[in-house]
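Colleague: Residue numbers for the sequence shown follow this note's numbering, so the first one is 7 and each next one is one higher.
Where a beta carbon is used, it is the ideal one built from N, C-alpha and C, also for glycine.
What follows is a single structure, and I will ask about it in a moment.
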Amino acid sequence: MQSLPQRLLVVEDDVTVARALSRTLARAGFSVAIARSCSAARSLAQSFDFAIFDLDLPDGNGVDLARALMKSGKVPSVVFFTSSTDPALLARARRMGPVLMKSLGTSPILDLLASPHETTDVPQSGTAPSPRAESYRASSSSLRSRAR
């Protein structure tokens, strides 16, 4: 059985959202580092087991940042947690990993991390390009394979 990721990176510029995510994940037993910009995330020396990215960041976007951190080996698996309504950016993010809308709250992230071997239906918000529920497999290996 695969163990749960222990070191998580949250890249989120909204202080309230970052704090809520950090507290929720810490209560679930994860060690959480927060970066509020692309440059702050790139400057972190350590590697992580999993990362959660906002798409709209003050100095770039979460997709390009996720790709760079995955390429450097700092992050093997990603999920995007966003309010973005940019269809092109959302489509690029979906090719790399699950995209969860912030309007759903933090529960889907915990579900994804707690059930790495199950397929979960995550409803999309009305801002997502597709109104249907998106299924994804949350194991690290399947998340890595999406990035290729």
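1) Which residues in the same chain as Ala51 place their Cβ atom closer than 7 Å to its Cβ, once the five residues preceding and following it in sequence are excluded?
2) How big is the Cα-Cα spacing for Leu117 and Gly111?
3) With DSSP as the reference, please indicate the residues paired to Ser37 in a beta bridge.
4) Is it true that the stretch 57–66 meets the stretch 36–49, where meeting means three or more beta-carbon pairs spaced less than 8 Å apart?
5) Under the rule that 16 or more other beta-carbon atoms within 10 Å means buried, what is Ala120, buried or exposed?
6) Excluding the 5 residues flanking Leu149 on each side, which residues of the same chain have their C-beta closer than 6 Å to its C-beta?
7) For a test of the three-state rule: what should DSSP assign to Asp62, helix, strand or coil?
8) Return the first residue and the last residue of the beta strand (DSSP E) that Val84 is part of.
9) What does the Cβ neighbour count give for Gly132, buried or exposed, with the cut at 16 atoms within 10 Å?
10) If I'm right that Leu4 touches Ala57 with Cβ under 8 Å, what's the distance once you round it to whole angstroms?
11) Rank Asp60, Ile115, Arg25 and Ser37 by C-alpha distance to the C-alpha of Leu96 and give the top, closest one.
Modeller: Concretely, from the data shown:
1) None.
2) Leu is not the amino acid found at residue 117; the sequence shown has Asp there. When only Cα atoms are considered, Asp117 and Gly111 end up about 11 Å apart.
3) DSSP lists Arg13 as the beta-bridge partner residues of Ser37.
4) Below 8 Å, enough C-beta pairs join the stretch 57–66 and the stretch 36–49 to call them touching: three or more.
5) Result: exposed.
6) Confidence at Leu149 is low in this model, with a pLDDT of 38, below 50, so the placement of that residue should be treated as unreliable; the coordinate-derived value is given next. Only Ser83 and Gly103 meet the Cβ criterion.
7) Under the three-state reduction of DSSP output, Asp62 falls in the strand class.
8) From DSSP, the beta strand (DSSP E) with Val84 extends over Val84 to Thr88.
9) Residue placement at Gly132 is poorly supported in this model, since its pLDDT is 32, which falls under 50; the coordinates still yield a value, given next. By the neighbour-count definition (other C-beta atoms within 10 Å, threshold 16), Gly132 is an exposed residue.
10) For residue 4 there is no data in the structure shown, the boundaries of the chain being 7 and 154.
11) Closest option to Leu96, Cα to Cα, is Asp60.
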